[in-house]
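Below: the structure, in structure tokens.
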């Protein structure tokens, strides 16, 4: 694959026709919402924020999201600069290959495939459980097994993935706007009512920020930026990629950081610094819904349970589209069978790669059913594995960026080509070390056993709602 031609000065390369044939007209905002959907803001607010508070650094949890956001911002500086010289939309795989060589890049490509596969299977399991509980416990409908609802989700996701990215982007935009509005309504309600103990800034003090397990908090914070590389993976399907990609990337970093710092701080204020750790630890998901009911009311709790389904669906669709492009680009580079690089003549989509990802994903779910695996436990484990592999990919890419600029003698500012990537590398080294040190807790320890059970996320959340009302 091409590593991008050297340039004598820091100007964008002219548009280079690629043999991909992918087509699309996605603008900055639609690309922004497509990437943001990968992170499922409502699902993270309900299921992750209380866990970061109870198992991470407690009242200082907002600082963990702020630190993760600053780290990704530093990473994005070199990443988006390099995107101007990389016509190949292969994401981390293309960047690592260009900087560290094809062998390392190929290894990273399969690590990335595993990364997104973990995320998709975990999201399908989570979505199936949410739909099962919503229909049975909230809507008082038929008691249908979770995997049946996974099939329903799979059919819809596969259908949308077959068509041009523009269609998926519109669907994701609608879903994201709805859940973002709901989260912001909750934030505003808690702030307007002054919280449980009055609004304060204790979360941002050094003592609070360094309390508890900072490593776990940082790991969850970085995981919330999953899908960030999608800004470059969809390069051939966006308008004016030299401008659209950096704009969308920085919008994602700013929005994700701002939203999670704000909502985590609001959650702390909702219970008060003296009570939030105990409340979150006693009931990680029910605690968030409890605060929603207390400050906004039952109607909004009902909306949360419905939009949690759309939030999870949006994350699955975004993950499916990203992995489809990965399979497509690897096929185009002759790493995977060439048959998977076929582009639909009318829709301009990688439809064969999309079908392959759909089959692989539903096969993974079928194996869970075949071996009678507990989907709630496994989804938590798979999310942990997704987070760990994501951090490793970020680390490798942060090494590849300055190496690429040096090898190709490309004239860009030292801050963009070396300093910012180096700072990101140092931070990601720390994050990788913490992830390795806490690997048991991340993918199979006490936290998983507490939250990941059929009485936990998300079933306990739905059961809590029904029993309260």
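In this note's numbering, the protein residues as written are 657 to 1125.
We put the CB at the ideal spot given by N, CA and C, even for glycine.
Starting from the N-terminal side, write out each stretch of the alpha helix (DSSP H) that is 4 residues or longer and does not extend beyond the region 672-729.
Here the runs fully enclosed are 684-694, 697-703, 705-711.
In whole angstroms, what separates the C-alpha of residue 788 from that of residue 698?
By one-based count along the chain shown, residue 788 stands at place 132. By one-based count along the chain shown, residue 698 stands at place 42. If you take the alpha carbons of residue 788 and residue 698, they lie about 18 Å apart.
What does the Cβ neighbour count give for residue 1042, buried or exposed, with the cut at 16 atoms within 10 Å?
Counted from its first residue, the chain shown places residue 1042 at position 386. It is buried - the Cβ of residue 1042 has at least 16 other Cβ atoms within 10 Å.
I'd like the list of long-range same chain contacts for residue 917, defined as Cβ closer than 6 Å, with 5 residues on each side in sequence excluded.
As a working mapping, residue 917 is identified with position 261 in the chain shown. These residues qualify, in order along the chain: 718, 721, 722.
Hey, how far is the Cα of residue 959 from the Cα of residue 795?
In the chain shown, counting from the first residue as 1, residue 959 sits at position 303. In the chain shown, counting from the first residue as 1, residue 795 sits at position 139. Between residue 959 and residue 795, the C-alpha separation is close to 12 Å.
Whole angstroms are fine: how far does the CA of residue 877 sit from the CA of residue 1018?
As a first step, residue 1018 must be located in the chain shown, where it is residue number 362. As a first step, residue 877 must be located in the chain shown, where it is residue number 221. About 28 Å.
Whose C-alpha, out of 810, 887, 785, 934, is nearest the C-alpha of residue 597?
As shown, the chain starts at 657 and ends at 1125. That puts residue 597 outside it, with no answer to give.
Determine the direct distance from the alpha carbon of residue 984 to that of residue 1006, and round the result to whole angstroms.
Taking the chain shown and counting its residues from 1, the one referred to as residue 1006 is at position 350. Taking the chain shown and counting its residues from 1, the one referred to as residue 984 is at position 328. Rounded to whole angstroms, the gap between the alpha carbons of residue 1006 and residue 984 is 6 Å.
List the endpoints of the continuous alpha helix (DSSP H) containing residue 1042.
Here residue 1042 corresponds to residue number 386 of the chain shown, with the count starting at 1. Segment 1031-1063, the alpha helix (DSSP H) holding residue 1042.
Three Cβ pairs or more, each shorter than 8 Å: is that satisfied between the region 1011-1031 and the region 753-760?
Contact fails: fewer than three Cβ-Cβ distances are below 8 Å.
What is the residue span of the alpha helix (DSSP H) that residue 976 lies within?
Here residue 976 refers to the residue found at position 320 of the chain shown. Counting along the chain, the alpha helix (DSSP H) containing residue 976 begins and ends at 954-988.
Please tell me whether residue 982 and residue 747 are closer than 9 Å, where the distance is taken between their beta carbons.
The residue you call residue 982 lines up with position 326 of the chain shown. The residue you call residue 747 lines up with position 91 of the chain shown. A Cβ-Cβ contact shorter than 9 Å links residue 982 with residue 747.
Limits of the alpha helix (DSSP H) - the one that residue 850 falls within:
Position 194 of the chain shown holds residue 850. From DSSP, residue 850 is part of no alpha helix (DSSP H); its letter is neither H nor E.
Residue closest to residue 880, alpha-carbon to alpha-carbon, out of 864, 910, 980
One-based indexing of the chain shown puts residue 880 at position 224. Residue 880 has its Cα closest to that of 910, out of 864, 910, 980.
What is the C-beta distance between residue 762 and residue 991, in whole angstroms, given that I count them as a contact (C-beta under 8 Å)?
Translated into positions along the chain shown, residue 762 becomes position 106. Translated into positions along the chain shown, residue 991 becomes position 335. The beta-carbon separation of residue 762 and residue 991, rounded to 6 Å, stays under the 8 Å limit for a contact.
Per DSSP, what kind of secondary structure is residue 862 in: helix, strand or coil?
For the purposes of this step, residue 862 is taken as residue 206 along the chain shown, with counting starting at 1. Per DSSP, reduced to three states, the secondary structure at residue 862 is helical.
Please report the Cβ distance between residue 727 and residue 1076, rounded to the nearest whole angstrom; I am assuming they are in contact, meaning their Cβ atoms lie under 8 Å.
To locate residue 727, count along the chain shown from 1; it is residue 71. To locate residue 1076, count along the chain shown from 1; it is residue 420. The C-beta distance from residue 727 to residue 1076 rounds to 11 Å, too long to fall under 8 Å, and the pair is not in contact.
Residue 993 versus residue 1021: straight-line alpha-carbon distance, rounded:
Position 337 of the chain shown, counting from 1, holds the residue named residue 993. Position 365 of the chain shown, counting from 1, holds the residue named residue 1021. CA-to-CA, the gap between residue 993 and residue 1021 works out to about 24 Å.
Quick test of the definition: if touching needs 3 or more C-beta pairs under 8 Å, does the region 770-783 touch the region 968-978?
Yes: the two stretches touch, three or more of their Cβ pairs being nearer than 8 Å.
Helix or strand or just coil, what does DSSP make of residue 1028?
Within the chain shown, residue 1028 is the residue found at index 372, counting from 1. DSSP, read as helix, strand or coil, puts residue 1028 in coil.
Expected contact under 8 Å - CB spacing of residue 1034 and residue 1024 to nearest Å:
By 1-based counting over the chain shown, the position of residue 1034 is 378. By 1-based counting over the chain shown, the position of residue 1024 is 368. Confirmed, Cβ separation roughly 6 Å.
Taking the alpha helix (DSSP H) that residue 1077 belongs to, which residues open and close that run?
Here residue 1077 corresponds to residue number 421 of the chain shown, with the count starting at 1. First-last of the alpha helix (DSSP H) with residue 1077: 1076-1093.
Is residue 810 helix, strand or coil by DSSP?
For the purposes of this step, residue 810 is taken as residue 154 along the chain shown, with counting starting at 1. Looking at residue 810 - three-state DSSP - the assignment turns out to be helix.
Sort 692, 695, 711, 1095 by Cα distance to residue 939 and report the nearest one.
One-based indexing of the chain shown puts residue 939 at position 283. Here the closest residue by C-alpha is 711.
Within the continuous alpha helix (DSSP H) that includes residue 763, where are the two ends?
By 1-based counting over the chain shown, the position of residue 763 is 107. Residue 763 -> alpha helix (DSSP H) spans 758-789.
Can you list, in chain order, the residues of its chain whose CB lies under 7 Å from that of residue 968, leaving out five sequence neighbours each side?
The count along the chain shown starts at 1 and reaches residue 968 at position 312. Scanning its chain for C-beta atoms nearer than 7 Å, with the 5 sequence neighbours on each side dropped, one finds around residue 968 the residues 696, 699, 779, 782, 783, 786, in chain order.
Take every Cβ of the region 942-954, pair it with every Cβ of the region 862-876, and state whether three or more of those distances are shorter than 8 Å.
Result no; under three Cβ-Cβ pairs closer than 8 Å.
Assuming residue 919 contacts residue 843 (C-beta within less than 8 Å), just tell me the rounded distance between them.
Indexing the chain shown from 1 puts residue 919 at position 263. Indexing the chain shown from 1 puts residue 843 at position 187. That belief holds up - the Cβ atoms of residue 919 and residue 843 are roughly 6 Å apart, short of 8 Å.
Please return the same chain residues whose Cβ sits closer than 8 Å to the Cβ of residue 838, not counting the five positions on each side in sequence.
Numbered from 1 along the chain shown, position 182 holds the residue referred to as residue 838. Answer for residue 838: 698, 956, 959, 960, 963, listed in chain order.
Alpha carbon of residue 706 to alpha carbon of residue 999, nearest angstrom
Residue numbering aside, residue 706 sits at position 50 when the chain shown is read from its first letter. Residue numbering aside, residue 999 sits at position 343 when the chain shown is read from its first letter. Near 43 Å, if we compare the C-alpha coordinates of residue 999 and residue 706.
Roughly how many whole angstroms lie between the Cα atoms of residue 750 and residue 965?
As a first step, residue 750 must be located in the chain shown, where it is residue number 94. As a first step, residue 965 must be located in the chain shown, where it is residue number 309. In a straight line, the C-alpha of residue 750 is about 33 Å away from that of residue 965.
Would you kindly report the start and end of the unbroken alpha helix (DSSP H) that includes residue 1148?
In the structure as shown, the chain begins at 657 and stops at 1125. Residue 1148 is therefore absent and cannot be evaluated.
When DSSP labels each residue in this structure, what does residue 906 get in the three-state scheme?
For the purposes of this step, residue 906 is identified with residue 250 of the chain shown, where counting begins at 1. Note: residue 906 maps to helix in three-state DSSP.
Helix, strand or coil, according to DSSP, for residue 884 in the structure here?
For the purposes of this step, residue 884 is taken as residue 228 along the chain shown, with counting starting at 1. The three-state secondary structure of residue 884, taken from DSSP, is coil.
DSSP-derived helix/strand/coil call for residue 732
Looking up residue 732 in the chain shown gives position 76. It is helical.
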